Each structure stands twice: as structure tokens, then as C-alpha cells.
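Input: a single structure, listed below in C-alpha cells.
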Amino acid sequence: MTRSPEPEGAEPENGAAPVLEVTDLAVRYGRIQALHGISLTVAPGELVTLLGANGAGKSTTMRALSGLVHPARGRIFFEGRDITGMAAHDRVKAGIVQVPEGRRVFPGMTVQENLDMGCHGRKFDDKDSYRSTLDYVFELFPRLAERRKQMGGTMSGGEQQMLAIGRALMARPKLLLLDEPSMGLAPMVIQQIFSIIAKIHEEGTTILLVEQNAQQALSRSDRGYVLETGNVTISGEGRALLKDPAIRAAYLGVA
Ligand code: ATP
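Numbering (our numbering), first residue to last: 199 to 453.
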């Protein structure tokens, strides 16, 4: 396979062929250039955080990976295959599943119906496979099992975030994209959500996480990238980034 241009992203720590490889990705909204040519990789089983302030281009990156916006330049490879021109619904089928910013559960559907929407169109090998996926989600989120008949729109913000993540997991993602899961939630709930993300990661799911909460995200991440006005400015191991003076000043309020 020839790839042009050569990827500039940091090599994954574990040396495995990347699940995701983004090279020189540029995205424009009319005259606004949201991404200026970013490169990044995510290796199998990694939890990687994309950190950045408001307007840095984090959501745009997620939208480009999901196929919701089309890049002006650059390439996206998933499991070695060039998916830059692939339609959004085919990316979901291929295993790239996003939990969008703001959660967006179906308010007029029950918890169970919301979860079933997550695996809509997905072929299960047999009945057990649907059952085992649902059991896995209910084990991660016992609250959802208790509330399976409750309408999505009547759940609290934290419960809706759990439902949105649970719905994504019903699709058995190979790459889970989480866009600011802590946004608008109380500190106690944020803690819970990050613990669950860490658990999903420990159980083997590859995750790309977009966050502004540097402490929570980087302390649990294998690696991280810092995005500033559409450019990757710093990348490295998660805990090492937490010690970086520039990151501490910009994202942790520590001078
Ligand atoms: P936030 O945390 O505030 O969501 P972000 O890092 O996710 O920020 P993006 O939403 O990706 O940033 O925005 C990157 C840039 O692109 C910003 O300058 C933003 O104003 C612009 N932008 C985003 N969406 C659009 C759009 N639909 N039309 C025009 N400009 C947009």
C-alpha cells in the first residue's frame, strides 16, 4: 500500500498496526479553516485523548472521522483501509461508532428502545449475541437495567450520557469515539462516567476521547494530542502530558 503523504503522527506506544491513522487532515467550513492538516494514530486497545479549548477543532475531527464532514485534504485509514470517502453509515457498519457531543438520546423512546437503536441493522450471529451485548451494557450501567422502561428524555444528564454510551456499545464498536462525555455534568457524575470509560478501555475497546477535562482524561489515557486552532501542537504519553508546564497552565489552571 502506498500512502501519501507519509503520516506524521506519533507512533503508537505498543508498536501494533494502528486501528486509526489520520494523515494531514484539513477541514473547511466555507472560508473558515477548522483543521489545518492534523495527523494522529490510535493503536488497537488504546485510549487516546484529544485535548483542546473551545473552537480548537475537536468536534470537527470527530465529524470527519464519522464521515459527517468531508476533508479538504488528507487521508483517514481504518484498520489499514482508506475510508476517507466512505459514507457515514458504512463507517458505523465497519465499526466506527460515535457518541456525539450533547448525548442526543431519543427522548420519546424508552431506555430499551434507545439501546436497540444502537444495534439497528447490525447482524447478530445468533440470539445469544444480542443477549450477551445487552447483558454487557447492563452490567456496565446497572442504572439502565433498572430504568429500561423509562423514557430517555426523562433521565438525568448523567443517565442520558450512560444511555448514549450504552447505545454505542450495542453496535460492538471497534473504535469508540467519545465527544466531550463530561460536558454539563456534575463533578460526582463526571467521576462515574470517566470510571466507566476506563473500564470499557480495560476490557479491550479502542477509544478516541475528546475532552476539555484534562486531569480526568489524560490520567486515564495511554496517549494524548493537544489541538490548538486546528493544529496538533503537543502529543505524548497521557500522564507525561499532565506534567507538561504548558498543558498545566492552559488546561489545569496551574501556573
Ligand atoms: P467546542 O469544544 O467549543 O465544541 P471544538 O474544539 O470542538 O470546540 P469545533 O466545533 O470543531 O471546535 O470548531 C472548530 C472551528 O470551526 C471553530 O472556529 C468553529 O467556529 C468552526 N466551526 C465549527 N462548526 C462549524 C460550522 N458548522 N460552520 C462554520 N464554522 C464552524
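Beta carbons: idealized from backbone N, C-alpha and C, even for Gly.
Every value quoted in this text rests on a predicted model; they were computed, and no experiment measured them.
For residue i, I'd like the list of residues in its chain whose CB is within less than 6 Å of its CB, leaving aside the five on either flank, ordered along the chain.
i: residue 432; result: 424
i: residue 233; result: 223, 224, 225, 255, 258, 428
i: residue 251; result: none
i: residue 445; result: 439
i: residue 236; result: 223, 430
i: residue 278; result: none
Given this structure, state the Cα-to-Cα distance separating residue i from residue j, to the nearest angstrom.
i: residue 222; j: residue 268; result: 13 Å
i: residue 383; j: residue 357; result: 10 Å
i: residue 340; j: residue 288; result: 31 Å
i: residue 228; j: residue 352; result: 38 Å
i: residue 253; j: residue 260; result: 13 Å
i: residue 160; j: residue 290; result: Lying before the first or after the last residue shown, residue 160 is absent from the chain, which here runs from 199 to 453.
i: residue 348; j: residue 297; result: 20 Å
i: residue 448; j: residue 386; result: 23 Å
i: residue 337; j: residue 276; result: 29 Å
i: residue 318; j: residue 434; result: 37 Å
i: residue 262; j: residue 422; result: 18 Å
i: residue 410; j: residue 381; result: 8 Å
i: residue 415; j: residue 328; result: 30 Å
i: residue 315; j: residue 399; result: 23 Å
i: residue 294; j: residue 354; result: 27 Å
i: residue 303; j: residue 363; result: 10 Å
i: residue 437; j: residue 292; result: 31 Å
i: residue 402; j: residue 240; result: 13 Å
i: residue 299; j: residue 219; result: 22 Å
Comparing the CB of residue i with every heavy atom of the ligand ATP, is any distance shorter than 7 Å?
i: residue 227; result: yes
i: residue 224; result: no
i: residue 351; result: no
i: residue 252; result: yes
i: residue 255; result: yes
i: residue 299; result: yes
i: residue 232; result: yes
Once the 5 residues before and after residue i are set aside, which same chain residues still bring their CB inside 7 Å of it?
i: residue 283; result: none
i: residue 359; result: 301, 379, 383, 391
Is the Cβ-Cβ distance between residue i and residue j less than 8 Å?
i: residue 248; j: residue 408; result: yes
i: residue 372; j: residue 217; result: yes
i: residue 331; j: residue 365; result: no
i: residue 376; j: residue 405; result: yes
i: residue 342; j: residue 350; result: no
i: residue 450; j: residue 412; result: yes
i: residue 165; j: residue 244; result: This structure gives no information on residue 165, because the portion of the chain shown stretches from 199 to 453.
i: residue 273; j: residue 280; result: yes
i: residue 394; j: residue 418; result: no
Excluding the five sequence neighbours on either side, which residues of its own chain have a C-beta within less than 8 Å of the C-beta of residue i, listed in chain order?
i: residue 286; result: 264, 265, 266
i: residue 306; result: 349, 350, 351
i: residue 334; result: 367
i: residue 345; result: 309, 353, 357
i: residue 426; result: 250, 251, 254
Taking 7 Å as the cut-off, is the C-beta of residue i nearer than that to any heavy atom in the ligand HEM?
i: residue 258; result: Although the ligand HEM was asked about, the structure shown includes only the ligand ATP as ligands.
Is it a yes or a no for the segment 302-314 touching the segment 383-393, going by three-plus beta-carbon pairs under 8 Å?
-> The answer is no - the segment 383-393 does not touch the segment 302-314, with fewer than three Cβ pairs under 8 Å.
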